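If you read the sequences in order, they're chains A and B.
With this note's numbering as the guide, the letters of the first sequence map in order to residues 16 to 167.
With this note's numbering as the guide, the letters of the second sequence map in order to residues 16 to 167.
To keep things clear, I will list the structure first and then write my remarks on it.
Protein chains: 2
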Amino acid sequence: MIIRKAQRGDEFAILELIKGLADFENEPDEVVNTAEKLGADLFDRGLCEALVIAFPERIIGFALYYTAYSTWKGPVLYLEDLYVLPEYRGTGAGSKLFDTVVSIADERNCSRMDWQVLDWNTDAIAFYERKGALIDKEWYNGRMFFPENEPK
Amino acid sequence: MIIRKAQRGDEFAILELIKGLADFENEPDEVVNTAEKLGADLFDRGLCEALVIAFPERIIGFALYYTAYSTWKGPVLYLEDLYVLPEYRGTGAGSKLFDTVVSIADERNCSRMDWQVLDWNTDAIAFYERKGALIDKEWYNGRMFFPENEPK
């Protein structure tokens with residue numbers, strides 16, 4: 016298994032994995048992003064970055080992240096998505112991806128790395144706790160939606 | 016009351032308000048950021064942006080935000096902090112600040128605006144719900160810390 020930075024062309028495989036993760040989270044209709052928009056946001060606009068994990072050449076998982084900002088702590092690496100195809104769970108692929116993102120956060124002098132996990136995803140919560148993470152349960156997400164601005 | 020974009024020099028007043036918010040959230044020791052770092056992150060590095068509200072010339076509140084990224088929705092405006100001094104609550108200052116950030120999210124074609132609110136902060140939750148927000152309670156925050164990278 017090889018972990019590498021996503022490169023142009025990977026946006027198609029990554030979008031399929033994003034849809035797989037949305038299915039797992041019971042929100043299959045929430046993905047309005049497209050491979051073309053994702054490719055532009057990753058490789059032209061620099062809004063986010065991604066790693067992919069390939070075995071041997073098929074992309075079987077990805078991690079997508081960007082630089083967020085904490086008024087308390089300064090720059091924070093935000094891990095938006097981490098996903099490995101179900102048939103490759105238990106192979107260490109997710110662990111290797113996570114550890115690589117942690118290394119990047121540390122290399123970039125971030126004092127914190129953040130992400131979110133669904134309250135019912137006990138396997139993921141146990142995985143993160145084994146990694147030494149704090150799972151903080153006291154915040155709710157506030158959201159306003161602008162459906163007219165969704166990618167077409 | 017006047018709302019304007021933060022400008023160089025405002026980082027000192029904003030950091031005092033950040034500390035006020037951390038006190039309110041019972042985490043006064045968590046603010047390791049400094050006015051100098053915040054000023055560089057706002058005005059040199061462009062990691063975040065801020066609005067301030069002044070009455071008549073004293074800064075009585077602020078909102079700090081940046082562009083986050085949703086794999087499902089594309090670019091998202093993330094409201095990291097919104098705070099008004101306790102003695103100016105009920106004056107509409109917080110409402111005006113929030114509405115201004117919503118307008119910016121919409122103008123920038125974001126399809127979502129996100130923030131977080133503490134589960135016990137029922138006044139804030141009611142305020143956001145009056146604004147038409149969804150308060151989503153099913154996610155936990157995962158966090159890894161790198162104390163050696165904290166601003167010195």
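All residues carry an ideal CB built from backbone N, CA and C; glycine is no exception.
Quick caveat, the model's predicted, so the values are computed rather than measured.
| Item | Value |
| --- | --- |
| Coil, strand or helix - B/N136 by DSSP | coil |
| Buried or exposed (CB count within 10 angstroms, at least 16 for buried), A/I75 | buried |
| Euclidean distance between Cα positions of A/N124 and B/L100 | 32 Å |
| Burial state of B/R145, where buried means 16 or more other Cβ atoms lie within 10 Å | exposed |
| Stretch-stretch touch, CB-based, cutoff 8 Å, three pairs: the stretch 137–155 of chain B with the stretch 150–157 of chain A | yes |
| Coil, strand or helix - A/R145 by DSSP | helix |
| Host beta strand (DSSP E) of B/V99 (start-end) | G89 to V99 |
| Distance between beta carbons of A/A148 and B/R19, contact taken as under 8 Å | In fact, because the Cβ distance is near 39 Å, the residues do not count as touching under 8 Å. |
| Paired residues, beta bridge with B/A55 - DSSP | Its beta-bridge partners do not exist; DSSP assigns none. |
| Cutoff 8 Å: B/I75 Cβ touching any chain A Cβ | no |
| Beta-bridge partners of B/F160, as assigned by DSSP | A/R127 |
| Any C-beta of chain A under 8 Å from that of B/T86 | yes |
| Cβ-based neighbour list, A/A78, same chain, cut-off 6 Å, excluding 5 preceding and 5 following | L66, L97, L112 and V116 |
| 8 Å Cβ cutoff met for B/D114 and A/F161 | no |
| Cα-Cα separation between A/I17 and B/G61, rounded to whole angstroms | 33 Å |
| Minimum Cβ-Cβ distance from B/V117 to chain A less than 8 Å | yes |
| B/Y155 - partner residues in DSSP beta bridges | A/V132 |
| Other residues of its chain near A/P43: CB distance less than 6 Å, five sequence neighbours each side excluded | A37 |
| Start and end residues, beta strand (DSSP E) containing A/E64 | E64 to A69 |
| Burial state of A/P90 (16 or more Cβ within 10 Å) | buried |
| Coarse secondary structure for A/K20, derived from DSSP in three states | strand |
| Closest Cα partner of B/W87 within the set A/T82, A/W87, A/R127 and A/T49 | A/T49 |
| Min CB distance A/F160 to chain B below 8 Å | yes |
| Reference B/Y81, options B/L57, B/R73 and B/I68, closest by Cα | B/L57 |
| Assigned secondary structure, B/T82 (DSSP; H/G/I helix, E/B strand, else coil) | strand |
| Given A/C63 as reference, the closest of A/I150, A/E40, A/L92 and A/R73 once Cα atoms are compared | A/L92 |
| B/V4 at chain A interface by Cβ criterion, 8 Å | The requested residue 4 of chain B does not occur in the structure, where chain B is confined to residues 16 to 167. |
| The stretch 145–158 of chain B: positions lying closer than 9 Å to chain A by Cβ | K146, G147, A148, L149, I150, D151, K152, E153, W154, Y155, N156, G157 and R158 |
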